[in-house]
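A short write-up of the structure that comes next.
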Amino acid sequence: IYVDTYARWRIADPLKFFTATKGIESIAQSRLDGIIDAATRNTVASYDLIEVVRTSNREFQVTEEAQQFELAMEEAKQPKIIKGRDAITALIIENAATKAKEQLGIEIKDVQFQRVNYTKSVQEKVFDRMISERQRIAEGYRSQGEGMSAEILGKKDRELKRIESDAYLTVQNIMGKADATATKLYADAYNLEPELFRLLKSLESYEQTIDEDSWVILSTDSDYLEPLVKSR
47 IYVDTYARWR
57 IADPLKFFTA
67 TKGIESIAQS
77 RLDGIIDAAT
87 RNTVASYDLI
97 EVVRTSNREF
107 QVTEEAQQFE
117 LAMEEAKQPK
127 IIKGRDAITA
137 LIIENAATKA
147 KEQLGIEIKD
157 VQFQRVNYTK
167 SVQEKVFDRM
177 ISERQRIAEG
187 YRSQGEGMSA
197 EILGKKDREL
207 KRIESDAYLT
217 VQNIMGKADA
227 TATKLYADAY
237 NLEPELFRLL
247 KSLESYEQTI
257 DEDSWVILST
267 DSDYLEPLVK
277 SR
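Read left to right, the sequence shown gives residues 47 to 278 (the numbering used here).
Have a look at this one:
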């Protein structure tokens, strides 16, 4: 990782400072940077990155939706902080302070992390992993959506079949009642006027079997024409 720090310091021993740096601030800054950088590398190398960027074990807030996915739960389970950023910076100051005072006559007042980042090669791997993880989460949402869609479509199909079944039963019931009513009317008509009933049925059969373009050649003795011949 790449760690950038800044420090507050003061000249504690002017004679030693002048002897070591000839009173040139840039020389003092360069030598002090080397001391602090070395102390930072040695100290940070002894701890996980999470220790450098976090100070406490405060838990992350994870949304209810994200908790549905295993990956999000893994992300929420962060390692426990043993030292933390504040303690590590204190160790850096402790490690660098003695050398700075002995070699440069400088008292280090404070050191803080200005930037902590991965090197370029590691960044690319981290970004690839982040992309892969987000794709897994997206795939989880898609899978959940497809499952919900299938469930909704299944309910819709079942409801449509139920409606169609109810409608079919209703139609059959109406048709049955209509057929029964028609049969009763035919029976009543036959009982009242048998000849008229036969005539009407014959005329109905003519309408169903012969249209305006049909040609039918029959003998006057044909049973088919009997109702018409008799009616004359």
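Using N, Cα and C, we set each Cβ at its ideal position, and we do this for glycine too.
Contact check, residue i vs residue j, beta carbons under 7 Å
| i | j | result |
| --- | --- | --- |
| Tyr52 | Gln158 | yes |
| Lys155 | Arg54 | yes |
| Asp50 | Arg161 | yes |
| Leu150 | Ala66 | yes |
| Asn141 | Ala58 | no |
| Ala233 | Phe243 | no |
Backbone CA spacing between residue i and residue j [nearest angstrom]
| i | j | result |
| --- | --- | --- |
| Asp79 | Gly69 | 16 Å |
| Ala143 | Tyr164 | 27 Å |
| Arg56 | Phe173 | 41 Å |
| Thr227 | Asn237 | 15 Å |
| Ser92 | Ile81 | 17 Å |
| Leu262 | Thr255 | According to the sequence shown, residue 262 is Val rather than Leu. Computed Cα separation, rounded: 10 Å. |
| Arg208 | Leu215 | 11 Å |
| Ile152 | Asn88 | 21 Å |
| Ser251 | Ile220 | 25 Å |
| Glu272 | Asp257 | 19 Å |
| Ile139 | Tyr187 | 48 Å |
| Lys62 | Thr135 | 26 Å |
| Val90 | Thr101 | 14 Å |
| Leu246 | Gly222 | 23 Å |
| Tyr48 | Val168 | 10 Å |
| Val217 | Ala224 | 10 Å |
Unbroken beta strand (DSSP E) run spanning residue i, endpoints
| i | result |
| --- | --- |
| Lys155 | Ile152 to Asn163 |
| Ile220 | Run containing Ile220: none in the beta strand (DSSP E); it sits in the alpha helix (DSSP H), Lys166 to Leu238. |
Which of helix, strand or coil DSSP assigns to residue i
| i | result |
| --- | --- |
| Thr144 | helix |
| Thr67 | helix |
| Thr135 | helix |
| Thr51 | strand |
Alpha helix (DSSP H) segment containing residue i, residue limits
| i | result |
| --- | --- |
| Arg87 | Glu71 to Val90 |
| Ile96 | Leu95 to Val99 |
Proximity test, residue i beta-carbon vs the ligand SAH heavy atom, cut-off 6 Å
| i | result |
| --- | --- |
| Lys223 | No copy of the ligand SAH appears in this structure; indeed no ligand is present at all. |
Within 8 Å, do at least three Cβ pairs link the segment 85 to 101 to the segment 127 to 136? yes
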